[in-house]
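Beneath this line is the structure, given in structure tokens, with notes to follow.
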Ligand SMILES: Nc1nc2c(ncn2[C@@H]2O[C@H](COP(=O)(O)OP(=O)(O)O)[C@@H](O)[C@H]2O)c(=O)[nH]1
Ligand SMILES: [Mg+2]
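Residue numbers (the working numbering): 1 to 282.
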């Protein structure tokens with residue numbers, strides 16, 4: 001995720017500074033980095049502490065984006081070009097500065113790919129529906145023939161969530177590895193019955209074999225049903241961080257977003273952040 005944008009002018013004045021996520025950057029390090037970009041007059045990408053910085057000269061000033069190590073250089077290069085391009089337009093028409101600041105987050109939005117997995121009927125499509133603010137997710141059928149439903153409009157910080165539901169097509173299991181590549185989080189959904197939790201072990205074993213995968217988190221859905229296993233019990237049975245959910249309850253939308261945010265925090269080991277950057281649906 002791109003979490004900071006700085007634009008520094010020829011006189012070393014910070015003219016734009018925007019923070020999208022509660023991560024601190026060392027301002028002195030950023031200044032030194034800006035100086036290196038200016039003196040070299042070329043695009044630089046450097047790892048500074050636990051942050052990846054990309055800087056591009058802009059006239060006699062410089063644009064800097066701070067992101068995570070997992071963010072791809074090519075994506076960051078595209079984004080910084082966009083910010084620089086839009087800012088150059090502002091310089092020529094001063095009155096557009098406010099508009100630039102308002103739109104800045106859309107210029108630096110990157111996609112965060114998340115998959116929902118689980119046996120049929122556990123509530124995967126319902127979770128997408130919930131996250132999509134009650135609208136049906138789009139159905140998308142790529143050439144490989146697997147039916148994927150996706151939601152692309154929900155944002156956390158400068159991430160646009162790209163959620164995939166593989167519609168429980170077990171016969172496509174061989175393809176999972178390919179489909180999940182570059183997927184930051186896999187949510188394994190269960191309906192919180194003992195039977196389904198035990199069946200889900202099988203999916204989990206499959207996932208564990210594939211080290212290309214990132215974080216796996218369990219969603220213990222259908223917490224409203226009588227006899228639903230508590231998330232803590234599911235967590236003990238599966239040995240993986242588990243969050244409870246009632247996907248048919250629209251009030252649980254924030255909770256679902258919170259699960260995604262908490263999973264991201266766990267994965268990247270950021271120190272405690274408050275939720276203040278969730279953008280709701282337009
Ligand atoms: N009681 C209850 N039913 C749910 C919940 N989530 C989903 N369902 C229902 O479970 C059924 C299967 O859900 P669906 O999302 O199609 O499952 P999928 O096959 O995993 O995509 C539907 O009838 C949903 O309305 C929940 O939290 N509580
Ligand atoms: Mg479904």
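Virtual Cβ for every residue (Gly too), placed ideally from N, Cα, C.
Could you tell me which residues DSSP pairs with residue 187 in its beta bridges?
-> Under DSSP, residue 187 takes part in a beta bridge, and its partners are 116 and 217.
Assuming residue 83 and residue 62 make a contact with CB atoms under 8 Å, what is their CB distance in whole Å?
-> Wrong, their Cβ atoms sit about 11 Å apart, outside the cutoff.
Just to confirm, are residue 117 and residue 186 a CB contact at a threshold of 7 Å?
-> Yes, Cβ-Cβ distance for residue 117 and residue 186 is below 7 Å.
Straight-line gap, residue 243 to residue 151 (C-alpha atoms, nearest Å) | Those two C-alpha atoms are separated by around 20 Å.
Going by alpha carbons, who is nearest to residue 36 out of 255, 8 and 258?
-> For the residues 255, 8 and 258, the minimum Cα distance to residue 36 belongs to 8.
Buried or exposed for residue 5, please, with buried defined as at least 16 other CB atoms from any protein chain shown within 10 angstroms of its CB.
-> Under this definition residue 5 is a buried residue.
Let me know the secondary structure DSSP gives residue 71 once reduced to three states.
-> Residue state, collapsed to three classes: coil.
Below 6 Å CB to CB, which residues in the same chain sit around residue 60 once its five sequence neighbours on both sides are set aside?
-> Here the set comprises 10.
Using 8 Å as the Cβ pair cut-off and three pairs as the minimum, do the region 225 to 242 and the region 193 to 203 touch?
-> Taking 8 Å as the limit for Cβ pairs, the verdict is that the region 193 to 203 does touch the region 225 to 242.
Of all the beta strand (DSSP E) runs that stay within the bounds of the region 190 to 261, which reach a length of 3 or more residues?
-> List check, beta strand (DSSP E) in window: 215 to 220 and 242 to 244.
Leaving out the 5 sequence neighbours to the left and right, which residues in its chain are closer than 8 Å to residue 276 when beta-carbon positions are compared?
-> Its pLDDT being 32, under 50, residue 276 is placed unreliably by the model, and the measurement read from it follows with that caveat. Counting only residues of its own chain and dropping the five nearest sequence neighbours on each side, residue 276 has a CB closer than 8 Å to the CB of 22.
With a Cβ-Cβ cutoff of 7 Å, do residue 106 and residue 160 count as a contact?
-> Going by C-beta atoms, residue 106 is not nearer than 7 Å to residue 160.
Under the three-state DSSP convention, the category residue 79 falls into = In this structure, residue 79 counts as helix in the three-state DSSP scheme.
Measure how close the beta-carbons of residue 263 and residue 229 come, nearest whole angstrom, since I'm counting them as under 8 Å.
-> Contact between residue 263 and residue 229 is ruled out by a C-beta separation of about 20 Å, above the 8 Å threshold.
When the Cα atoms are used, what is the spatial distance from residue 272 to residue 24?
-> Bear in mind that the predicted position of residue 272 carries a pLDDT of just 33, short of 50, making it too unreliable to give a figure here.
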